[in-house]
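In my numbering, the protein residues as written are 38 to 593. Read through the structure below, which is laid out as structure tokens, and then see the notes.
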Amino acid sequence: MKSDIEIAQSVTLKPITEVVEKVGIDFDDIELYGKYKAKLSFDKINAIRENKIGKLILVTAINPTPAGEGKSTMSIGLADALNKIGKKTMLALREPSLGPVMGIKGGAAGGGYAQVLPMEDINLHFTGDMHAITTANNALSALIDNHLQQGNELGIDQRRIIWKRVVDLNDRALRQVIVGLGSPVNGVPREDGFDITVASEIMAILCLATDLKDLKERLANIVVAYSYDRQPIYVRDLKVEGALTLILKDAIKPNLVQTIYGTPALVHGGPFANIAHGCNSILATATALRLADYTVTEAGFGADLGAEKFLDIKVPNLSKAPDAIVVVATLRALKMHGGVSKSQLSEENVEAVKNGFANLKRHVENMRQYGIPVVVAINEFLADTDAEIAILKDLCREIAVPVELASVWAKGAEGGVALAETVVKVIQEEKATYQALYTEQDSVEEKITKIVKNIYGGQAVNLSPKAELQLRQFAEFGWDKLPICMAKTQYSFSDDQTLLGAPKGFDITIREFVPKTGAGFIVALTGEVMTMPGLPKAPAALKMDVSENGTAIGLF
């Protein structure tokens with residue numbers, strides 16, 4: 038079997054102008070970035086705002102394992118399969134970050150015969166959105182430090198600046214730094230740090246903004262620091278929201294690409310789901326819904342993170358809930374949740390599948406709490422046995438959830454036809470009746486408790502002394518009714534990444550809160566989760582190269 042990049046490079050791409058014609062996008066509606074990439078103009082976005090809204094399919098997964106689940110691959114394959122059975126379909130996906138691309142997780146362009154193309158461009162610099170977000174974020178940092186240097190009119194306490202610099206790489210050495218050293222002309226010395234770009238509030242804002250005006254207002258509402266008298270300092274106090282919006286004026290426009298089978302795809306925005314809200318942009322999803330009859334989108338990591346945030350943070354902003362949720366699982370991953378080591382996953386183990394099913398079952402039950410029908414997609418691997426597949430299907434039938442085997446990695450659109458037909462049938466026969474997990478009037482602590490108990494299966498929430506103090510302050514500032522974005526390990530329902538399967542009765546500890554008032558939510562940092570990841574011992578970058586003619590090598 039060819040590698041992902043070999044498959045991608047063997048495909049003859051169609052001009053993006055030809056690909057998007059099938060959903061009513063003309064040459065004058067796009068801004069070209071070469072032959073195969075484009076951005077959608079605001080003129081077109083505004084022109085279709087009154088169009089009928091199509092059906093929305095959210096693809097999520099069980100808790101990820103080193104065995105892989107293939108959520109993006111399944112999203113792409115499902116969209117291709119829907120088009121194959123005659124349904125006018127678009128994709129709305131996140132952009133990859135260079136951090137995991139060069140690290141261990143890999144890219145986010147799918148795999149096998151279910152990929153978005155050109156995958157090399159998408160996984161590297163694409164249309165420059167990540168660079169624009171990084172630049173806007175760091176411009177704000179520079180402007181804060183300049184304000185300190187030029188007299189500090191706002192009385193910013195340099196010990197209480199919460200805005201961090203970012204870089205779109207995994208670089209643990211930058212987690213904590215000192216800036217302004219050297220001499221008085223180099224600025225005011227202070228502690229600082231770096232997050233990865235996808236954890237920046239500006240990334241979240243870009244993905245939640247509905248237009249340039251909304252983008253500017255959200256940027257103005259960012260809290261960057263506290264004054265000497267402990268009052269919040271906003272971007273609007275610095276009067277730089279206009280400059281930041283200017284840097285982002287093109288990045289906010291959704292990107293258009295294609296799948297191997299020519300399905301139009303909007304790939305835009307890329308917040309992680311373990312440290313951010315894990316969903317692509319509102320603009321991309323809303324636009325796809327108005328251009329196609331079916332839109333397939335995905336949310337990062339497992340349903341306890343990405344899907345919960347999609348349903349409790351993105352849906353209220355999107356004003357459209359999914360009509361169906363697809364939960365992706367692999368037999369390999371279920372066996373890991375059932376206690377099997379990675380080295381033994383190729384061996385048949387029906388009992389481990391039974392044990393690991395507890396993880397999938399909880400995710401299905403969690404999604405049903407929102408009043409949305411669920412379908413299970415088994416992402417097929419070559420080592421899967423008939424006995425393992427049979428027992429998983431039996432277990433799914435016991436909880437009355439439709440289940441289909443999908444082979445989109447190996448067979449492309451054809452391998453997803455059965456799944457596509459089942460999803461369409463479920464949407465037609467079961468009406469979604471969305472209900473949020475918590476209400477706007479719930480306190481921050483009540484919201485977290487509902488997530489911990491109803492989604493994670495935990496029993497209680499413990500707050501550090503710092504977190505307790507922050508909650509009292511947030512109430513004074515009027516932030517206590519904002520939604521919650523949980524920053525938690527993706528590997529477990531708990532905040533302990535070693536607790537696989539479906540643990541119960543554990544506590545979740547919140548060590549700190551980070552207000553994201555521009556994005557419109559509060560981040561709750563749990564356990565040891567980091568907002569700047571580190572590289573593994575053998576990062577993927579070691580296998581990457583480029584040929585003399587510019588062809589990418591080793592990119593998955």
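Each residue gets a CB set at the ideal place from its N, CA and C atoms; glycine is no exception.
Short CB-CB distance (under 9 angstroms) between residue i and chain D
{"i": "Asn223", "result": "The displayed structure is made up of one protein chain only, and chain D is not part of it."}
Residue i vs residue j beta-carbon contact at 9 angstroms
{"i": "Ala11", "j": "Ile284", "result": "As shown, the chain starts at 38 and ends at 593. That puts residue 11 outside it, with no answer to give."}
{"i": "Val440", "j": "Ile415", "result": "yes"}
{"i": "Lys39", "j": "Asp158", "result": "no"}
{"i": "Ile170", "j": "Gly555", "result": "no"}
{"i": "Gly564", "j": "Lys525", "result": "yes"}
{"i": "Tyr407", "j": "Ala358", "result": "yes"}
{"i": "Gly393", "j": "Lys121", "result": "no"}
{"i": "Ser178", "j": "Asp229", "result": "yes"}
{"i": "Ile94", "j": "Gly61", "result": "no"}
{"i": "Val272", "j": "Leu249", "result": "no"}
{"i": "Ile199", "j": "Pro570", "result": "no"}
{"i": "Leu572", "j": "Thr102", "result": "no"}
{"i": "Met127", "j": "Ala329", "result": "yes"}
{"i": "Lys372", "j": "Leu382", "result": "yes"}
{"i": "Glu467", "j": "Pro410", "result": "yes"}
{"i": "Leu306", "j": "Ala321", "result": "A small fix is needed here, since residue 306 is Gly in this sequence, not Leu. Their beta carbons are under 9 angstroms apart, which means Gly306 touches Ala321 by this criterion."}
{"i": "Leu342", "j": "Leu429", "result": "no"}
{"i": "Asp182", "j": "Val235", "result": "no"}
Identified DSSP bridge partners for residue i
{"i": "Gly147", "result": "Gln152"}
{"i": "Lys76", "result": "Glu68, Asn292"}
{"i": "Ile415", "result": "Ala366, Leu442"}
{"i": "Met25", "result": "Look at the range of the chain in this structure, 38 to 593, and you will see that residue 25 is not part of it."}
{"i": "Asp582", "result": "Ile590"}
{"i": "Thr97", "result": "Val364"}
{"i": "Val204", "result": "Ile233"}
{"i": "Cys316", "result": "Ala336"}
Residues near residue i by beta carbon distance below 6 angstroms, same chain, minus five either side
{"i": "Phe543", "result": "Gly495, Ser531"}
{"i": "Met156", "result": "Ala45, Ala146"}
{"i": "Ile545", "result": "Val489, Gly495, Val498, Asp532, Thr563"}
Host beta strand (DSSP E) of residue i (start-end)
{"i": "Glu549", "result": "544 to 553"}
{"i": "Phe231", "result": "231 to 233"}
{"i": "Cys522", "result": "521 to 524"}
{"i": "Leu500", "result": "497 to 500"}
Limits of the alpha helix (DSSP H) - the one that residue i falls within
{"i": "Ala450", "result": "No alpha helix (DSSP H) contains Ala450, which DSSP labels as neither H nor E."}
{"i": "Ser264", "result": "Element bounds for Ser264: not the alpha helix (DSSP H) but the beta strand (DSSP E), 260 to 264."}
{"i": "Ala45", "result": "41 to 47"}
{"i": "Thr247", "result": "Counting along the chain, Thr247 falls outside any alpha helix (DSSP H), and DSSP gives it neither H nor E."}
{"i": "Ile319", "result": "319 to 328"}
{"i": "Arg209", "result": "Looking at the DSSP string, Arg209 is not in any alpha helix (DSSP H), and its letter there is neither H nor E."}
{"i": "Val352", "result": "352 to 355"}
{"i": "Val138", "result": "135 to 139"}
{"i": "Val481", "result": "481 to 488"}
{"i": "Ile199", "result": "Taken as a continuous stretch (DSSP letters only), Ile199 belongs to no alpha helix (DSSP H), as it is neither H nor E."}
{"i": "Leu348", "result": "Counting along the chain, Leu348 falls outside any alpha helix (DSSP H), and DSSP gives it neither H nor E."}
{"i": "Gly279", "result": "278 to 284"}
{"i": "Glu55", "result": "53 to 56"}
heavy atom of the ligand ZN below 8 angstroms from residue i C-beta
{"i": "Glu58", "result": "No copy of the ligand ZN occurs in the structure displayed, which carries no ligand at all."}
Which of helix, strand or coil DSSP assigns to residue i
{"i": "Tyr271", "result": "strand"}
{"i": "Ile215", "result": "strand"}
{"i": "Ile90", "result": "coil"}
{"i": "Pro301", "result": "strand"}
{"i": "Asp194", "result": "strand"}
{"i": "Ala473", "result": "coil"}
{"i": "Asn403", "result": "helix"}
{"i": "Ile62", "result": "coil"}
{"i": "Thr172", "result": "helix"}
{"i": "Thr422", "result": "coil"}
{"i": "Ala561", "result": "strand"}
{"i": "Glu254", "result": "helix"}
{"i": "Glu467", "result": "coil"}
{"i": "Glu228", "result": "strand"}
{"i": "Gln32", "result": "This structure gives no information on residue 32, because the portion of the chain shown stretches from 38 to 593."}
{"i": "Met167", "result": "helix"}
Cβ neighbours of residue i in the same chain (closer than 7 angstroms, five flanking residues each side left out)
{"i": "Gly299", "result": "Lys51, Val56"}
{"i": "Leu180", "result": "Leu275, Val277"}
{"i": "Thr164", "result": "Tyr70, Lys74, Lys76, Asn292"}
{"i": "Lys286", "result": "Leu249"}
Close Cβ partners of residue i (< 8 angstroms) along its chain, the five nearest in sequence each way excluded
{"i": "Val412", "result": "Ala361, Ile362, Val363, Val364, Val438, Pro439, Val440, Glu441, Leu456, Thr459, Val460, Val463"}
{"i": "Ala473", "result": "Leu348, Asp349, Val352, Pro353, Tyr407"}
{"i": "Ala469", "result": "Ala358, Pro359, Asp360, Ala361, Gly408, Ile409, Pro410"}
{"i": "Lys391", "result": "Gly375, Ile428, Leu432"}
{"i": "Lys72", "result": "Leu50, Pro52, Ile53"}
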